[in-house]
DNA sequence: TACACGTGGTG
DNA sequence: TCACCAAGTGT
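Residue numbers (the UniProt record's numbering): 1 to 256.
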């Protein structure tokens, strides 16, 4: 559950299934992953995106092996302290893996709360204090009910109360929705800033990392730098990749 | 709070 | 084509 939640961060579930299955076959327990080199995790991550998640997941396995005797902890406080585990993932593991009581706040749930409770079309770009208070107020008291609420609210947002064309006709809570009652106003929706991509450091890093990931024998530094049209930017990005620990350098050879 | 951080599907 | 975006985290 922890692995699947980390892989699902900002990533469609449909793309997670394959890598997750392979990952769990190869490393069924935290100890199995902890014994590997971090580069193996980065390689197995493939093209899931945000590859630092692979590094953090490896570090998470090491931490679980060292601090929790190889057993995934079951409380929010313990989980939130692990690498790559933030508010959402800690709550998700508590709720989905252990059936505990935690407010699982992802973008889907925040959108549902924004519409049903606040009456606006969309939630903010990040979790706010108001979101947490709303979610805390909605969370059922018992563990069982809370866990069911968590998965229900997330599915509702993912399948029915979707961002673009919500299926209000088949929504089970349509009768309670302030946004629907108000005639589904679109104003007030925050203008999302598009994610720049072409020519960015992000794209440059992706190109260089992909090159290294696909070269079994490693890649010559010069080859990597010439894989990007702007030399200066390539040097900078290779530098950050090395700093991040995503790529390692041995002489003039680059490896994961 | 704002920003950096990948990738591939979709309208 | 191309902007938009999908179950966030760390700084």
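Ideal placement from N, C-alpha and C gives every residue a C-beta, glycine not left out.
When the alpha-carbon of residue 84 is set against those of 111, 7, 147, the nearest one is in 7.
For residue 250, there is no enclosing alpha helix (DSSP H); the residue is found in the beta strand (DSSP E) stretching over 248-250.
Around the beta-carbon of residue 182, fewer than 16 other beta-carbon atoms lie within 10 Å, marking it exposed. Residue 241 and residue 225 have their alpha carbons spaced roughly 12 Å apart.
At least 8 Å separates the beta-carbon of residue 105 from that of residue 117. Using a Cβ-Cβ distance cut-off of 8 Å, the stretch 32-52 and the stretch 238-254 are in contact, since at least three pairs of beta carbons, one from each stretch, lie closer than that value. Pairing residue 149 with residue 88, the inter-Cα distance amounts to about 15 Å. Counting along the chain, residue 241 sits inside the alpha helix (DSSP H) bounded by residues 231-244. Residue 104 sits in coil when the DSSP states are folded into three classes, being neither helix nor strand.
Using a Cβ-Cβ distance cut-off of 8 Å, the stretch 51-69 and the stretch 93-105 are not in contact, since fewer than three pairs of beta carbons, one from each stretch, lie closer than that value. Assignment of residue 219 by DSSP, reduced to helix, strand and coil, places it in the strand class. Linking residue 18 to residue 27 through their CA atoms gives a straight-line distance of about 14 Å.
Linking residue 74 to residue 146 through their CA atoms gives a straight-line distance of about 15 Å.
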